[in-house]
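Asker: Once you've had a glance at the structure underneath, I'll fire off some questions.
2 protein chains.
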Amino acid sequence: MARSKREDWRGCPIRFGMGHFGDPWTLLIIRDLMFRGKRYYSDFLGSGEGIASNILADRLKRLHSAGMIDKARDPDNRSKFIYTLTAKGLDLMPIMLAIIDWSATYDAATEAPPEFIAQLREDPDSLMRTLRARLLEEP
Amino acid sequence: MARSKREDWRGCPIRFGMGHFGDPWTLLIIRDLMFRGKRYYSDFLGSGEGIASNILADRLKRLHSAGMIDKARDPDNRSKFIYTLTAKGLDLMPIMLAIIDWSATYDAATEAPPEFIAQLREDPDSLMRTLRARLLEEP
DNA sequence: GGTCTGAACTTGCTTTTTGCAAGCGCCATG
DNA sequence: CATGGCGCTTGCAAAAAGCAAGTTCAGACC
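From first to last, the protein sequence lines are chains A and B. Heads up: the first sequence begins at 317 in the numbering used here, then just goes up one per residue. Heads up: the second sequence begins at 317 in the numbering used here, then just goes up one per residue.
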């Protein structure tokens, strides 16, 4: 096998996952959408890690064509675009939470709030419901 | 912020994760170790996706220095090395299973065995225990 | 309706990472 | 002590990422 482009990776579930987010940036964008309430291109640009604008544009395009995010004009300011997670994107939440759990364990400098981690370990399902509900009712 | 090398990414749990496995190859190696019983350099090389030997050597080095895998001479053939998961590497299992779950949902061509997915969704904890036990008792 | 501004990209160029093919050193076996 | 498998390393070409500057388009203001 091999030799196919990564976007075409499928079959093996881990390989399929890597085809979609096997790079350093994609899941950081998902994080911004999922946990930090960010919605605009300029929000992602200023997100701390310093993603380059061309890479950001490319990743947004890929996420959109993979059906993980939607893109729409901001009704309050039609010169801006609002990006939001689709169901497929929201369904990445268990992956994100598993990463957060692992990192909270192994990163001595973790900034994950202790009560978030506590709830994640005690009752992950209710935490997920809370987070999803918050995302769906956002303005 | 920004400008630091990815190996030094920490603080934010997602960023920390991406610093460790924010590339297409690392988790494929973990998959081979975790689900496919692979242990040798040559096993990983021949794993279907066609990783280049220099990249493989580099990723094994990183995984080892991050404490996610061990490297030891094969007692049966001292010209070979055996790679195994450490506790830190084994603890990636929830992430791997979450990826598998997501991919089984969204990859129409998934090769994940249906009964594996069924058990993953019904009783993930017992599946995890089974998988971990199998890894620990391996020859 | 002309100009200005902010937001969302795009372009061109440099640097870094990856991919590929070949080679090298070590240990086991005959 | 030659041969061959195994685990890498090296050199070079191709692709991706990073950086700075430029372009486009919508809306606001004049």
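For every residue, glycine included, the Cβ atom is placed at its ideal position computed from N, Cα and C.
1. Give the range of the beta strand (DSSP E) segment to which A/Ser395 is assigned.
2. Which chain A residues sit within Cβ distance under 7 Å of B/Arg331?
3. Whole angstroms are fine: how far does the CA of A/Asn393 sit from the CA of B/Leu379?
4. In chain order, what residues of the region 388–408 of chain B put their CB closer than 9 Å to some CB of chain A?
5. Going by the beta-carbon positions, is the gap between A/Ile385 and A/Arg355 smaller than 8 Å?
6. Report the rounded CA-to-CA distance for A/Arg319 versus B/Gly364, giving the unit in angstroms.
7. Please give me, in chain order, every unbroken run of the alpha helix (DSSP H) with length at least 4 that falls completely inside the region 399–425 of chain A.
8. Is the shortest distance between the beta-carbon of B/Asp417 and the beta-carbons of chain A less than 8 Å?
9. Are the region 426–439 of chain A and the region 334–354 of chain B touching by the rule of at least three beta carbon pairs closer than 8 Å?
10. Could you check how far apart the C-beta atoms of A/Ser419 and B/Gly333 are, in whole angstroms? I think they sit under 8 Å.
11. Is it true that the region 430–446 of chain A meets the region 440–447 of chain B, where meeting means three or more beta-carbon pairs spaced less than 8 Å apart?
12. Look up A/Ala388 in the DSSP assignment and give the residues it is bridged to.
13. Can you give me, in chain order, the residues of the region 426–437 of chain B that have a beta carbon less than 8 Å from any beta carbon in chain A?
14. So, is B/Ile259 buried or exposed, given that buried needs 16 or more other C-beta atoms within 10 angstroms?
15. Just to make sure I have the definition right: I need the residues of chain A whose C-beta is within less than 7 Å of the C-beta of B/Arg347. Which are they?
16. Please check if any C-beta of chain A sits within less than 8 Å of the C-beta of B/Ala368.
17. Determine whether the beta carbon atoms of B/Ile415 and A/Leu344 lie at a separation below 8 Å.
Answerer: On the basis of the data shown:
1. Residue 395 of chain A sits at position 79 when you count from the first residue of the first sequence. Its beta strand (DSSP E) spans residues 393–401.
2. The residue labelled residue 331 of chain B in the question sits at position 15 within the second sequence. In chain order: Leu344, Glu365.
3. As a working mapping, residue 379 of chain B is identified with position 63 in the second sequence. As a working mapping, residue 393 of chain A is identified with position 77 in the first sequence. Cα to Cα, the separation comes out at about 47 Å.
4. Lys404, Asp407, Leu408
5. In the first sequence, residue 385 of chain A corresponds to position 69, counting from 1. In the first sequence, residue 355 of chain A corresponds to position 39, counting from 1. Not in contact: A/Ile385 and A/Arg355 (Cβ atoms no closer than 8 Å).
6. Looking up residue 319 of chain A in the first sequence gives position 3. Looking up residue 364 of chain B in the second sequence gives position 48. Caution applies to A/Arg319, whose pLDDT of 46 falls short of 50 and renders its modelled position unreliable; the value that the coordinates give is listed next. C-alpha separation (whole angstroms): 10 Å.
7. 403–406, 409–422
8. Here the question's residue 417 of chain B lines up with position 101 in the second sequence. Output row for B/Asp417: interface = yes.
9. no
10. The residue labelled residue 419 of chain A in the question sits at position 103 within the first sequence. The residue labelled residue 333 of chain B in the question sits at position 17 within the second sequence. Sure, about 5 Å apart at Cβ, within 8 Å.
11. Result no; under three Cβ-Cβ pairs closer than 8 Å.
12. Position 72 of the first sequence holds residue 388 of chain A. For A/Ala388, which the question treats as bridged, DSSP gives the partners A/Ile398.
13. Thr426, Glu427, Ala428
14. Only positions 317 to 455 of chain B appear in this structure, which leaves residue 259 of chain B out of reach.
15. Walking along the second sequence from the start, residue 347 of chain B turns up at place 31. Within 7 Å Cβ-Cβ: Ile330.
16. As a first step, residue 368 of chain B must be located in the second sequence, where it is residue number 52. No, B/Ala368 does not count as interfacial toward chain A.
17. Translated into the one-based positions of the second sequence, residue 415 of chain B becomes position 99. Translated into the one-based positions of the first sequence, residue 344 of chain A becomes position 28. No, Cβ-Cβ distance for B/Ile415 and A/Leu344 is not below 8 Å.
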